[in-house]
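S.K.: Questions regarding the structure given below will be posed in turn.
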Amino acid sequence: MAALWHSTFFLVMVLLAISRPSLASQAGNDDLQMGTEHRTNKGTVNGTENLITTLPIVTWNWQEIKFPYLVALWILVSWLCKLVFQLNPSLTSVIPESGLLICIGWVLGGIIYWADKVQTFKLQPFIFFFYLLPQIVLDAGYSMPNKLFFSNFGSILVYAVIGTCWNAATLGLALWGCCLGGAIGDIDIGLLQLLLFGSLIAAVDPVAVIAVFEEVHVNEVLYILVFGESLLNDGVTVVLFNVFNAFVSLGGAQINAVEIIKGIISFFVVALGGSLVGVIFALLISLLTRCTKNIQIIEPGFIFILGYLSYLTAEMLSLSAILSCTFCGVCCQKYINANMDKRSVSTLRYVMKVFANGSETIIFVFLGITAIDPSIWVWNTAFILLTLLFIFVFRFIGVFFLTWILNQYRLVPLEFIDQLMMGYGGLRGAVAYGLVVLLDENKYKEKNLMISTTLLVVYFTVMLQGITMKPLVTWLKVKRAAVTERTLAEIIQNRTFDHILVAIEDISGQIGHNYMRDKWNNFEERWLYWLLMTPSARKSCDHIFNIFHKLNLKDAMSYVKEGERRGSLAFVRNETKADVDFNKKFSGNFSAMMPYIMAENMGSDHVPVSSILWDSVHSVCLDMHEKDLKMRESEDFNAHHLLEQHLYRGKKQHRHRYSREYLEVNKDKNEVQEIFQRTMRSRLESFKSAKMGVNPPKKISYHLKKDQPQKMPNGKSTDNRKSHAYGKEDLEFSEGDSASGCEAAGGSFPMRAHRGAGIVNPAFNAEMDPMPAMQQILPWLAEAEVDSSAVVPSQRAQLTLPCTPSNLHRLAPLHLTTHSFLLADSPATQDTSEPPPPPVV
Amino acid sequence: MGTLQSLSDEPEYRELAEKTGFSFEQIGILHKRFKQLSHNENTLRRADLDTIPDLACNPIRTQIIEAFFDKRNFHQNGDGTVEEISFEEFLVVMSHFRPPALNMTEEQREKVRREKLRFLFNMHNTDNDGTITLEEYRHVVEELLSRSGALGKETAKGIADAAMLEVASISMGHMEPDEFYEGITFEHFLKILKDIEIETRMNIRFLNMDTTTLCNRDSSSIR
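Chains as they are written, first to last, in full-length UniProt numbering: chain U, 1 to 841; chain C, 1 to 223.
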């Protein structure tokens, strides 16, 4: 709680900092202008070009910087608010974040009003529609689950189009009826204006819906229905708004059948045209990403700019911008994800989320701030209450009625509880507010009443319904989304379903969803992939393969982690090969050296490695430990972190070369050399100390093989083939083993000839070494063994090879591929002349 | 339409409707389709299904066709395959894909679920020994990926192995190093697919409207 108060205080301070200068600036504005005038006068009078008498060291440039500064501060403040909320999860679990943000908006608005005596900040429709909304819509489209969306497309369309029209019409008519009945009192408003009001407030708002529904994890069908509806009906509502706005301008008398038909036509043209613009831009984006390989840094930028352009273009053509942007995102996601570099894709995702989340936050805060302004509030209890009531009631009626119709046709009917949630999830939001502010005050006498009603409706739905949504979901036992991670087996089954369903439709002679989807997929694979994807992306666009690839990567990472846990650098150093397709890479290598391993391994320990290794055995040997399974599920992040931590870090890790075009990975030769030299030096050092009969400065761990429980280091790997690539033969990964193995097998490494040329790590190879060598305990290592319980050996110490310099020379040719060994040798031999390090007590 | 109406009066149809849950109209349409596929014979052979043009690009075509000739799917206690099937058997196999009724009890739902999964299981378990062995599973994955040629057999094998290991680890938990996982039993199969709502997914829409004439899927070119 202390943190909360602390940050709240900070927020208030920031806010005061914003509002004070604006207050001061207004007061001091005249003064300043006077001053400049005075100065210019003086300058012209004197005829000199030098306007200032002395050089000012610092000047107060508030006026020039005011606008961008305020924008930046606002963003900062909104994000800080979010930060504060996340600090105490107990609060956000009760009230949804959007509601909290509105509350913060009220507080901030209050402070500003108190400081300025007038509401300086308002949510301007222009800013809302052109700077805040597009990224939210683009993000929603881009991260839309396409398959789900299109398989429910019919239902979504029905809800979005018919549902919205129904809401708009019924609300307008009902309010008009109440007006005529005299329930509302004396207000200057006609049927058309009420219909307009109904249409702008009819639409469920995507921003509010996403904000609330993301926190309650309802099942995916319900989610996509509400979410899809909210996205598409924004388009519808804008169209309706424009049509009615035009009608109001025309005046009641001018409207005849022709105009109404025109309105209906315009509705379809605007909606379909907007979608078409979006699709065209999606094609453009996909085509463009085909050839942006060489400018990866600005690759994600193209998506944003073209997405934004799709919005603007549609707006320019007076088509539905929201629909355009949505469809742009929906259509291009598959292709750009395949075409772009992986890093660009994740950048795009992140930045998209940053923008969307940021503007969502700002929208809600400003919705709150806007309310603290007495000049917009016109209170009419009957009007406001009736509006709220009608919105609520008609939404439910509409949903139930439409679902009843849809259920006649839906393969999987919507359940009653889902319908309830859909009705209750009809949150209104900023789009309605943005539209209502757009109204012309001269035409709409009751504009302020509309604004205040809209604001109240937004507050009511976002706050009250938002808060009660979560308990309601729990209480009604709404089917939740499955949170479990999908397994590969499930994915395979899913794919099988799809094919089976298509086949059954084919056989039974029905034209159904599956049939259509299959036809579309074929078309897509044949033409669209060819047109829109790079050839390399085309190859790897298979879904199952991608999942497999991902799992492989994960495995590799946990594999590294495991190796790291056991303290072998051999793992870590080979990490870079982790994302290689293991099958192809190692099957060749391994089969070549299998005989050796088998022959040498079977003698000493009897682990049935063969069961996994040979493909002729039709069962999976399950030498899996449960913890390994858990490790596999560990987050990518963790693994990355680990990798990062334990990879070599040379002195000059970053070359400080600045480039706007490339993010350079350090491939400096010198650095590799440096690393190698240091490794060798430390090896020699610890060797010396070992030989002198003292504990080495860095402790060498030596795990006697037999002490360890038999563990397959690679049990967690789901892919057998990968597993035998490294140390299948049940060796411990601690360096002591490999070191002694190395010593014993010193002269001839049987496998070495079979390894790929790139693998030169001695430790790595040592692991492949024959067992008998392990049994020997080298005399100088015997005492180090005592320490083995307390090991956290440093990487380099572990790599230490207890070899004499002559041994080193013997090994040398094996390492020649790195080119740096010989160079490393000279400083290393120099080291020998130095006195041994002091013994560690 | 008139012919369909008269067909529905036949006692044979009533019996079929009771047995499979299809409506008379649906049975009528499917019967028409059956005739169309079998060239007006009373039985259907593999070759008849093989020649459906739309099936040609389905990667698991053979498995699906095989399922139609598998005695295990006929709701009779028998196994093995048959050479030709009658209309009744055709309908029974089809009925695995009927959408669920609107209001089902939990037990009914579970029953439907088991039936559907059993169908899938039988499809993978070709030798009817109660388990899907690694060999069989590999075969499935290989066929599944056969259309995306770039991946190749090796990958398919790898994926199958990975999935199998996953299944093993889910269903068996800890196992000793020298233990073998024989294959997926039906119980395990239920377990791994418990998150997939099969009863709402493995359905197709059987229209009451006749669309067979709309799609050219008959082997008319051969005739």
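Note that beta-carbon positions come from the ideal geometry of N, C-alpha and C, so glycine has one too.
Closest to U/T370 by CA distance: which of U/N61, U/E415, U/Y113 is it?
M.R.: Along the first sequence, read from residue 1 onward, the residue named residue 370 of chain U stands at position 370. When each option's Cα is compared against that of U/T370, the closest is U/Y113.
S.K.: Using a Cβ-Cβ cut-off of less than 7 Å, give me the residues of the stretch 352 to 364 of chain U that come near chain C, in sequence order.
M.R.: Residues passing the 7 Å Cβ filter: none.
S.K.: With DSSP as the reference, please indicate the residues paired to C/D79 in a beta bridge.
M.R.: Translated into the one-based positions of the second sequence, residue 79 of chain C becomes position 79. In the DSSP assignment, C/D79 is bridged to no other residue.
S.K.: With a 10 Å radius around its C-beta and 16 neighbouring C-beta atoms as the bar for buried, classify U/P68 as buried or exposed.
M.R.: Within the first sequence, residue 68 of chain U is the residue found at index 68, counting from 1. By the neighbour-count rule (16 or more Cβ atoms within 10 Å), U/P68 is not buried but exposed.
S.K.: Taking only beta-carbon positions, decide if C/F206 is within less than 8 Å of chain U.
M.R.: Locating residue 206 of chain C in the second sequence gives position 206, counting from the first residue. Taking Cβ atoms only, chain U reaches closer than 8 Å to C/F206, which makes this a yes.
S.K.: How would you write the range of the beta strand (DSSP E) that C/R45 sits in, first residue to last?
M.R.: Here residue 45 of chain C corresponds to residue number 45 of the second sequence, with the count starting at 1. 43 to 45 is the extent of the beta strand (DSSP E) around C/R45.
S.K.: The alpha helix (DSSP H) spanning U/S310 covers which residue range?
M.R.: Translated into positions along the first sequence, residue 310 of chain U becomes position 310. In the DSSP assignment, U/S310 falls within the unbroken alpha helix (DSSP H) covering 299 to 316.
S.K.: From the DSSP output, in three-state form, read off U/K651 for me.
M.R.: Taking the first residue of the first sequence as 1, we reach residue 651 of chain U at position 651. In this prediction, U/K651 has a pLDDT of 46, which is less than 50 and means its spatial position is unreliable; nothing more can be read from the coordinates.
S.K.: If you reduce the DSSP assignment to three classes, tell me which class C/Q5 lands in.
M.R.: One-based indexing of the second sequence puts residue 5 of chain C at position 5. Residue placement at C/Q5 is flagged as unreliable, the pLDDT there being 46, under the threshold of 50; a coordinate-derived value is accordingly withheld.
S.K.: Could you tell me whether the Cβ of C/E166 comes closer than 8 Å to any Cβ of chain U?
M.R.: Taking the first residue of the second sequence as position 1, residue 166 of chain C is located at position 166. Yes, because at least one Cβ of chain U sits closer than 8 Å to the Cβ of C/E166.
S.K.: Could you check where the alpha helix (DSSP H) with C/E84 kicks off and where it finishes?
M.R.: Numbered from 1 along the second sequence, position 84 holds the residue referred to as residue 84 of chain C. The continuous stretches of alpha helix (DSSP H) do not include C/E84, which lies in the beta strand (DSSP E) extending over residues 84 to 86.
S.K.: Flag this pair as touching only if the stretch 183 to 190 of chain U and the stretch 367 to 385 of chain U have three or more C-beta atom pairs under 8 Å; answer yes or no.
M.R.: yes
S.K.: Taking the beta carbon of C/L16 as the centre, do at least 16 other beta carbons fall within 10 Å, making it buried, or is it exposed?
M.R.: Along the second sequence, read from residue 1 onward, the residue named residue 16 of chain C stands at position 16. Its Cβ being crowded by 16 or more others within 10 Å, C/L16 is buried.
S.K.: In the stretch 82 to 108 of chain C, which residues sit with their C-beta less than 7 Å from some C-beta in chain U, listed in chain order?
M.R.: M94, F97, P99, L102
S.K.: Contact check, U/K353 vs U/D205 under 8 Å by CB: the rounded distance?
M.R.: Walking along the first sequence from the start, residue 353 of chain U turns up at place 353. Walking along the first sequence from the start, residue 205 of chain U turns up at place 205. Incorrect: roughly 19 Å between the Cβ atoms, too far for contact.
S.K.: Look up U/R343 in the DSSP assignment and say whether it is helix, strand or coil.
M.R.: Your numbering for residue 343 of chain U matches position 343 in the first sequence. Reduced to three states, the DSSP call for U/R343 is helix.
S.K.: Using a Cβ-Cβ cut-off of 6 Å (strictly less than) and excluding sequence neighbours within five positions of U/L191, which residues of its own chain qualify?
M.R.: Taking the first residue of the first sequence as 1, we reach residue 191 of chain U at position 191. Counting only Cβ-Cβ distances below 6 Å, and skipping sequence neighbours, we find W176.
S.K.: Any chance the stretch 413 to 428 of chain U sits against the stretch 336 to 345 of chain U, with 3 or more Cβ pairs inside 8 Å?
M.R.: no
S.K.: Nearest to U/Y424 by alpha carbon, out of U/F366, U/L464, U/V431?
M.R.: By one-based count along the first sequence, residue 424 of chain U stands at place 424. When only C-alpha atoms are compared, the closest one is U/L464.
S.K.: With 16 as the cutoff for other CB atoms within 10 Å, does C/H39 come out buried or exposed?
M.R.: In the second sequence, counting from the first residue as 1, residue 39 of chain C sits at position 39. The residue is exposed, with fewer than 16 neighbouring Cβ atoms inside 10 Å.
S.K.: Any idea if U/M557 is buried or exposed, counting beta-carbon neighbours within 10 angstroms, 16 or more meaning buried?
M.R.: Here the question's residue 557 of chain U lines up with position 557 in the first sequence. That one is buried.
S.K.: Closer than 8 Å is the cut-off here; do at least three beta carbon pairs connect the stretch 70 to 79 of chain C with the stretch 47 to 57 of chain C?
M.R.: no
S.K.: My parser needs the beta strand (DSSP E) runs of 3 or more residues fully inside the stretch 221 to 272 of chain U; what are they?
M.R.: none
S.K.: Roughly how many angstroms lie between the CA atoms of U/E525 and U/T361, to the nearest whole one?
M.R.: Within the first sequence, the letter at position 525 stands for residue 525 of chain U. Within the first sequence, the letter at position 361 stands for residue 361 of chain U. Roughly 40 Å between the two C-alpha positions.
S.K.: By the 10 Å Cβ neighbour count, where 16 or more other Cβ atoms means buried, how is C/Q76 classified, buried or exposed?
M.R.: As a first step, residue 76 of chain C must be located in the second sequence, where it is residue number 76. So C/Q76 counts as exposed.
S.K.: Buried or exposed: which applies to U/I336, given that a residue is buried once 16 or more other Cβ atoms fall within 10 Å of its Cβ?
M.R.: Position 336 of the first sequence, counted from the start, is the residue given in the question as residue 336 of chain U. Per the 10 Å Cβ criterion, buried.
S.K.: 8 Å is my cut-off, CB to CB: does U/Q124 come that close to chain C?
M.R.: Here the question's residue 124 of chain U lines up with position 124 in the first sequence. It does not; no Cβ of chain C falls within 8 Å.
S.K.: Who are the neighbours of C/A163 on chain U, taking C-beta pairs under 7 Å?
M.R.: Reading the second sequence from its first residue, position 163 is the one you call residue 163 of chain C. Going along chain U in sequence order, the residues near C/A163 (Cβ under 7 Å) are L488, A489, I492.
S.K.: Taking a Cβ distance cut-off of 9 Å, strictly less, list which residues of the stretch 122 to 134 of chain C are near chain U, in chain order.
M.R.: Near chain U, meaning a CB-to-CB distance below 9 Å, the residues of the stretch 122 to 134 of chain C are M123, H124, T133, L134.
S.K.: What does the Cβ neighbour count give for U/I201, buried or exposed, with the cut at 16 atoms within 10 Å?
M.R.: Translated into the one-based positions of the first sequence, residue 201 of chain U becomes position 201. Classified as buried, U/I201 has 16 or more neighbouring CB atoms from the shown chains inside 10 Å of its CB.
S.K.: Across which residues does DSSP place C/T185 in a beta bridge pair?
M.R.: Position 185 of the second sequence, counted from the start, is the residue given in the question as residue 185 of chain C. Paired residue(s): C/T131.
S.K.: Tell whether a beta-carbon distance below 8 Å holds between C/I159 and U/F548.
M.R.: In the second sequence, the residue the question calls residue 159 of chain C occupies position 159. In the first sequence, the residue the question calls residue 548 of chain U occupies position 548. Yes.
S.K.: What does DSSP give as the partner residues of C/D70 in its beta bridges?
M.R.: On the second sequence, residue 70 of chain C is found 70 positions in, with the first residue counted as 1. Residue pairing by DSSP puts C/D70 in a beta bridge opposite C/T81.
S.K.: Looking only at C-alpha atoms, which of U/A356, U/V458, U/F327, U/L367 sits nearest to U/F392?
M.R.: In the first sequence, counting from the first residue as 1, residue 392 of chain U sits at position 392. With distances taken between Cα atoms, U/F392 lies closest to U/V458.
S.K.: Starting from the Cα of U/I224, find the closest Cα among U/L309, U/V238, U/I156, U/T289 and give me that residue.
M.R.: Residue numbering aside, residue 224 of chain U sits at position 224 when the first sequence is read from its first letter. It is U/I156.
S.K.: What are the residues of the stretch 496 to 512 of chain U that lie near chain C, defined by any Cβ-Cβ distance shorter than 7 Å?
M.R.: T496, F497, H499, I500, L501, V502, A503, I504, E505, D506, I507, S508, G509, Q510, I511, G512
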